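Taking UniProt numbering, I'd label the letters of the sequence shown as residues 1 to 427. What follows is a set of notes on a single structure, which appears directly below.
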Amino acid sequence: MLYQRSSALFKDAQEYIPGGVNSPVRAFKSVGGTPIFIKKAEGAYIYDEDGRAYVDYINSWGPMIIGHTDPRVLNATVEQMKNGFSFGTPTELETEIAKLITSVVPNIDMVRMVNSGTEACMSAIRLARGYTNRDKIVKFEGCYHGHSDSFLIKAGSGAATFGNPNSPGVTQGTAKDTLLAEYNNLEDVKTLFEQNKDEIAAIIVEPIAGNMGCIVPEKGFLEGLRQICDANGALLIFDEVMTGFRQAMGGSQERLNINADIVTFGKVIGGGFPVGAFAARREIMNHLAPLGPVYQAGTLSGNPIAMRAGITTLNIINNDRELFNRIDNATETLDTEISKIFAEKGIPNHINRLGSMMSVFFTEQTEIKNFTDVTKCNHEKFNKFFHHLLTNEVYIAPSGYETWFISDAIKDAEINKTLDAVRSFEG
Ligand code: PLP
């Protein structure tokens with residue numbers, strides 16, 4: 001049996017951990033079967049408890065952009081650890097990472113470190129509300145901004161995968177302040193602003209969406225959001241938790257040349273450690289405690305080991321300007337070659353891709369540009385595809401509502417192994 005030890009471990013875990021996992025999508029519930037339990041990871045590969053090595057296209061859901069267990073990050077964090085694990089005081093490292101981030105990301109003067117993408121987005125909307133003195137926010141159907149209450153309204157990622165995008169436990173009072181629009185639909189957004197004049201604090205958007213599968217913003221969509229915000233005194237929040245330091249050093253703002261007012265980060269910024277951040281211009285960040293009245297805090301925020309991992313990872317990326325080209329090219333090769341194989345086999349599909357994010361949708365549709373389009377895809381076929389790849393030691397996200405994350409450790413050998421697996425998929 002391929003997954004003998006994983007099965008036993010999963011059985012045990014389910015006795016003590018709800019669903020056997022600490023984050024729902026890991027449970028393989030939508031694709032069926034047993035989640036693989038991972039023992040170690042290195043470079044392009046993760047190794048399961050049964051001794052199998054998989055080419056990894058999840059990369060811890062995005063952070064491991066330079067591959068797993070990079071020796072430079074490993075050494076730097078081990079050295080840092082010798083000085084202590086956590087102090088709860090300011091450290092030089094925090095200023096170092098803040099300087100680095102503000103030097104490469106456009107339109108920001110200051111940054112506050114937190115422990116996850118959820119915290120970053122939750123704090124960003126509190127800041128936007130405090131800054132504008134308005135309550136409502138606009139979010140897009142299928143976008144995921146973490147699991148804080150305001151965002152679990154038609155949310156993407158696991159919430160979409162499991163069919164509960166509106167979570168019980170979120171009060172009506174909270175839900176009424178989250179207004180919903182369709183991704184890539186500016187008219188929807190305009191209508192919301194007309195109906196809620198002077199009440200909307202911010203639009204929060206994944207500038208390149210990855211939580212309903214990879215959905216690329218249509219030309220004019222983000223520009224339109226910028227204009228609507230400017231015309232209505234609202235702030236534009238780019239949730240760059242997935243896209244930050246992945247689509248470019250300056251994230252989607254740089255790649256797509258659009259300015260946001262507040263930017264949130266997670267994933268790559270911590271190099272695999274629990275880190276998030278939010279950032280904005282000085283006049284906005286001045287509203288944050290202890291300078292201003294908008295409260296936000298964290299016992300482990302700016303943790304020295306996590307900061308060292310983040311600084312080392314960001315410097316590696318920043319000093320290797322070919323890295324983004326390499327991962328983008330690897331992703332393009334995967335897209336082109338998988339498309340060719342499916343065309344030869346007559347398997348209807350559509351691949352969305354931007355930079356090093358991509359998703360394979362099984363569908364006759366010729367474009368996939370919002371959440372409704374994704375729901376209409378053949379998710380049963382996706383589940384078969386997922387299991388076929390897994391059997392052939394290629395690991396993609398266990399849901400048709402997620403993106404692939406390509407790392408710099410994925411080279412020709414891994415791409416060829418992936419394409420061989422795709423070739424033997426019968427559809
Ligand atoms: N925002 C986006 C775009 C995300 O993809 C995620 C997580 O996948 C989050 C926010 C939440 O981040 P975290 O899981 O670190 O809380």
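Cβ coordinates follow ideal geometry from the N, Cα and C atoms, glycine included. As the structure is a prediction and not an experimental result, all values here were calculated from the model.
Residue i to residue j span [Cα, whole Å]
i	j	result
valine 374	glycine 130	35 Å
alanine 421	phenylalanine 382	14 Å
alanine 155	alanine 343	33 Å
alanine 76	serine 86	16 Å
phenylalanine 238	isoleucine 38	32 Å
arginine 112	alanine 128	14 Å
glycine 173	histidine 387	41 Å
glutamine 4	glutamate 426	26 Å
glutamate 218	threonine 333	22 Å
isoleucine 97	arginine 423	44 Å
asparagine 392	tyrosine 57	13 Å
alanine 124	glycine 51	42 Å
leucine 74	alanine 309	8 Å
glutamate 187	glutamate 141	14 Å
valine 31	serine 157	14 Å
valine 114	glutamate 15	31 Å
alanine 53	phenylalanine 28	18 Å
threonine 178	isoleucine 200	9 Å
threonine 366	serine 167	32 Å
phenylalanine 278	methionine 1	46 Å
asparagine 370	alanine 413	34 Å
asparagine 257	valine 104	14 Å
asparagine 259	glutamate 206	13 Å
Nearest residue (CA-CA) to residue i, options the options
i	options	result
phenylalanine 245	Phe273, Ile338, Val25, Ile316	Ile316
lysine 139	Tyr183, Ala76, Ile208	Tyr183
alanine 397	Ala409, Lys411, Ala413, His379	His379
valine 78	Met307, Ile327, Asn392, Phe361	Met307
glycine 251	Phe193, Phe385, Phe151, Thr102	Thr102
glycine 400	Glu187, Thr95, Gly213	Gly213
isoleucine 406	Ile17, Lys11, Val55	Val55
tyrosine 144	Val73, Gly117, Gln80	Gly117
alanine 297	Lys369, Asn370, Glu119	Glu119
phenylalanine 324	Gly355, Ser339, Ile347, Gly67	Gly355
lysine 197	Gly233, Lys219, Asn185, Ala209	Gly233
threonine 69	Lys345, His350, Gln14, Gly272	Gly272
asparagine 83	Tyr16, Pro304, Ala160	Pro304
arginine 326	Met357, Ile341, Glu283, Ile311	Met357
glutamate 49	Pro35, Gln227, Ala159	Pro35
threonine 91	Leu300, Ala277, Ala160, Thr132	Leu300
valine 241	Ile262, Phe371, Asn370, Asp320	Ile262
isoleucine 417	Met110, Ile108, Tyr45	The sequence as given places lysine at residue 417; isoleucine does not occur at that position. Residue Tyr45 is the option with its Cα nearest to lysine 417.
cysteine 377	Cys229, Thr363, Glu322	Thr363
serine 150	Ile208, Thr161, Lys176, Asp320	Lys176
serine 23	Pro348, Asp230, Ala159	Ala159
asparagine 319	Leu100, Pro290, Arg282, Val170	Leu100
Residue span of the beta strand (DSSP E) that contains residue i, given as start and end
i	result
tyrosine 47	45–48
arginine 112	110–114
isoleucine 137	136–140
alanine 181	178–181
isoleucine 237	235–239
tyrosine 54	53–56
Start and end residues, alpha helix (DSSP H) containing residue i
i	result
alanine 13	4–16
phenylalanine 193	186–195
glycine 130	117–132
glutamine 247	Counting along the chain, glutamine 247 falls outside any alpha helix (DSSP H), and DSSP gives it neither H nor E.
asparagine 75	71–81
serine 103	92–104
leucine 419	412–423
lysine 384	379–391
alanine 160	158–161
glycine 220	Neither: glycine 220 is in no alpha helix (DSSP H) and is coded neither H nor E.
Cross-strand partners of residue i (DSSP beta bridge)
i	result
glutamate 42	Tyr45
isoleucine 215	Ala209
alanine 405	In the sequence under discussion, the amino acid at residue 405 is phenylalanine, which differs from the alanine named in the question. Paired residue(s): Met357.
aspartate 261	DSSP lists no partner for aspartate 261.
glycine 276	Val114
isoleucine 203	Val138, Leu236
tyrosine 395	Asp56
histidine 68	Gly43
Residue i Cβ short of 7 Å to the ligand FMN heavy atom set
i	result
serine 30	With respect to the ligand FMN, the structure offers nothing, as its ligand set consists of the ligand PLP.
Minimum Cβ-Cβ distance from residue i to chain B less than 8 Å
i	result
glutamate 92	The structure shown contains no chain B, having only a single protein chain.
* Asked: Curious, which full-length beta strand (DSSP E) runs of at least 3 residues does the region 278–365 contain?
  -> For the region 278–365, the full-length beta strand (DSSP E) segments reaching 3 residues or more read 350–354, 357–361 along the chain.
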